[in-house]
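S.K.: Just add 1 to wherever you are in the sequence shown, counting from 1, and you've got the working numbering.
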Amino acid sequence: MSFKTCAIVGVLLCAACQHAPPNPHQPLQKADVVEADGKGQSTSARVGPTKGAPVETAPPNVPGNQPAFPQQTRAPGVRTQHRFVVQRIAGGLKLPWALEFLPDGRLLVTEKHAGKLALLAADGRRLADVSGVPKVDGRDQGGLLDVALSPTDPERVFISYYEPRDGGNGLAVASARLVGGAAPKLDQLQVVFRMRPTLASTMHAGGRLVFAPDGNLFITLGERSILPGRVQAQDLASDFGKLVRIRPNGEIPADNPFVGTAGARGEIWTLGHRNVLGAALDGQKRLWVAEMGPRGGDELNLIERGKNYGWPTIGYGEEYSGARIHQSTQAPGLEQPIYYWDPVISPGALLIYSGTLFPEWRNDFFIAGLSSKALIRLVVEHDRVTGEERLLTDRKSRIRDVAQAPDGSIYLLTDDDDDGEVLRLAPEER
Ligand SMILES: [Ca+2]
Numbered sequence: 002m003s004f005k006t007c008a009i010v011g012v013l014l015c016a017a018c019q020h021a022p023p024n025p026h027q028p029l030q031k032a033d034v035v036e037a038d039g040k041g042q043s044t045s046a047r048v049g050p051t052k053g054a055p056v057e058t059a060p061p062n063v064p065g066n067q068p069a070f071p072q073q074t075r076a077p078g079v080r081t082q083h084r085f086v087v088q089r090i091a092g093g094l095k096l097p098w099a100l101e102f103l104p105d106g107r108l109l110v111t112e113k114h115a116g117k118l119a120l121l122a123a124d125g126r127r128l129a130d131v132s133g134v135p136k137v138d139g140r141d142q143g144g145l146l147d148v149a150l151s152p153t154d155p156e157r158v159f160i161s162y163y164e165p166r167d168g169g170n171g172l173a174v175a176s177a178r179l180v181g182g183a184a185p186k187l188d189q190l191q192v193v194f195r196m197r198p199t200l201a202s203t204m205h206a207g208g209r210l211v212f213a214p215d216g217n218l219f220i221t222l223g224e225r226s227i228l229p230g231r232v233q234a235q236d237l238a239s240d241f242g243k244l245v246r247i248r249p250n251g252e253i254p255a256d257n258p259f260v261g262t263a264g265a266r267g268e269i270w271t272l273g274h275r276n277v278l279g280a281a282l283d284g285q286k287r288l289w290v291a292e293m294g295p296r297g298g299d300e301l302n303l304i305e306r307g308k309n310y311g312w313p314t315i316g317y318g319e320e321y322s323g324a325r326i327h328q329s330t331q332a333p334g335l336e337q338p339i340y341y342w343d344p345v346i347s348p349g350a351l352l353i354y355s356g357t358l359f360p361e362w363r364n365d366f367f368i369a370g371l372s373s374k375a376l377i378r379l380v381v382e383h384d385r386v387t388g389e390e391r392l393l394t395d396r397k398s399r400i401r402d403v404a405q406a407p408d409g410s411i412y413l414l415t416d417d418d419d420d421g422e423v424l425r426l427a428p429e430e431r
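1) Determine, using beta carbons only, whether Gly273 and Pro295 come nearer to each other than 8 Å.
2) So for Pro71, helix, strand or coil by DSSP?
3) By DSSP, does Gln233 sit in helix, in strand, or in coil?
4) Can you list the beta strand (DSSP E) stretches of 3 or more residues lying completely in the region 241 to 296, in chain order?
5) Between which residues of its own chain and Gln189 is the CB-CB distance below 8 Å, once the five residues before and five after are set aside?
6) For Pro407, name the three-state secondary structure that DSSP assigns.
7) Can you give the Cα-Cα distance for Gly144 and Leu200, rounded to whole angstroms?
8) Would a check of beta-carbon distances place Leu424 closer than 8 Å to chain C?
9) Can you name, in chain order, every residue of its own chain whose Cβ lies under 7 Å from the Cβ of Asp141, other than the five neighbours on each side?
10) Applying the criterion that 16 or more other CB atoms from any shown protein chain within 10 Å of the CB defines a buried residue, is Ser132 buried or exposed?
11) Straight-line CA distance for Asp384 to Glu305?
12) Mind checking whether the beta-carbon of Glu433 lies closer than 7 Å to any heavy atom of ligand 1?
13) Closer than 7 Å: is that where the CB of Tyr340 sits relative to any heavy atom of ligand 1?
14) Cα separation between Gly409 and Ala91?
15) Given this structure, state the Cα-to-Cα distance separating Ala183 from Asp395, to the nearest angstrom.
16) What is the DSSP secondary structure of Pro428, counted as helix, strand or coil?
17) Comparing C-alpha positions only, which one of Ile227, Gly334, Arg325, Asn364 sits nearest to Ala281?
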């Protein structure tokens, strides 16, 4: 990439520009550029220095818990070999939660607490705020969360949000037509899903949207954190702590696992989750989730129809007070996570890379790390994690979202009150 090209696309941070004349207004800083193994990749104290040693070197919070199988936690550390650059596409966003790519190259970005849907140009300029977003309950973990384009109708967008209700709130999902040029708006908005029951909680409502190849929509949900909600993660009469599957118009598919079960909500696909913010399909179109656990209990789960993922009966973590939560780490009929983290990483989003721009990363899992302030990369083979890497640790940014652009580059959102960023990872060109 030439310096001129960088300037045109508004890139602020680009290693390939190091030989170009310095721009006095936007000086390159060494710390802003992450390079690959053996060529100056920065690491933090939490990243193990020994090749093959686990990247996590801190002691576990719950040392008495043992994994159910080898490499269920603390897989060998791996290092990316290709060089890549981190470009700051945009900043100044207020708690951005999710981004989506429009067919013309523009971006939609949600701002959580403000409940705004920002329309950005491909170069990161904020063009407009899309009008017509419903009122949201923007406290704490609430607000406007995910945004996803319909895979079959690129003018139709889906949003998830904490919906204020009499007696509390709940997650809702709406679809609308995105119309307009200079003054874009959501038109013909229709709520297609409402999490039940209503509860007064500002936490753990999930909110990630994933379209399946058959056109159905998966929605990840949480158990609302407070005890009256948590206990419903095992209750089929409640949406709390579930993944649900609906048609894009809100109808319940007849082949959902609990359709016809007395007292069960037909939209439920799986149960026993704590709070799922990361979800993605792999190359075989299977659904995986990265699940926010308690202290010492974040999980990666491979989702199978109708199964029970155990929360709060089993798990590997504990309360933040140090109190015990689970009866055990394993039990018959309850699924084991493919991988867990103790200490936690706080997974905000999951991407399974399918592009061609980074051949080395094809089929790897990327998780946006909030408390871990890292982009976590997992190498997964035969449904086992065989390698873990922590990228971008030198930036010390909470990472909220990770997404693959149409050109195969990787976009991130950083979680910040008033300078949330859009970052782009691209191979270094020579
Ligand atoms: Ca679990």
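Where a beta carbon is used, it is the ideal one built from N, C-alpha and C, also for glycine.
M.R.: Reading off the structure:
1) Cβ atoms of Gly273 and Pro295: not closer than 8 Å.
2) The answer is coil: DSSP assigns Pro71 none of H, G, I, E or B.
3) In the structure shown, Gln233 falls within a helical segment according to DSSP collapsed to helix, strand and coil.
4) DSSP runs (the beta strand (DSSP E)) wholly in the region 241 to 296: 244 to 247, 269 to 271, 276 to 282, 288 to 293.
5) Hits under 8 Å: Ala177, Arg178.
6) Pro407 falls in the coil class under three-state DSSP.
7) Taking the straight line from one Cα to the other gives about 15 Å.
8) Absence of chain C from the displayed structure is noted, only one protein chain being present.
9) Thr203, Met204, listed in sequence order.
10) With fewer than 16 other Cβ atoms from the protein chains shown falling within 10 Å of its own Cβ, Ser132 counts as exposed.
11) Taking the straight line from one Cα to the other gives about 13 Å.
12) The question about residue 433 has no answer, for the chain in this structure spans 2 to 431.
13) Taking the Cβ of Tyr340 as the reference point, every heavy atom of ligand 1 lies at 7 Å or farther away.
14) One C-alpha to the other measures close to 19 Å.
15) So the two alpha carbons sit approximately 38 Å from each other.
16) Reduced to three states, the DSSP call for Pro428 is strand.
17) The residue with the shortest Cα to Cα distance from Ala281 is Asn364.
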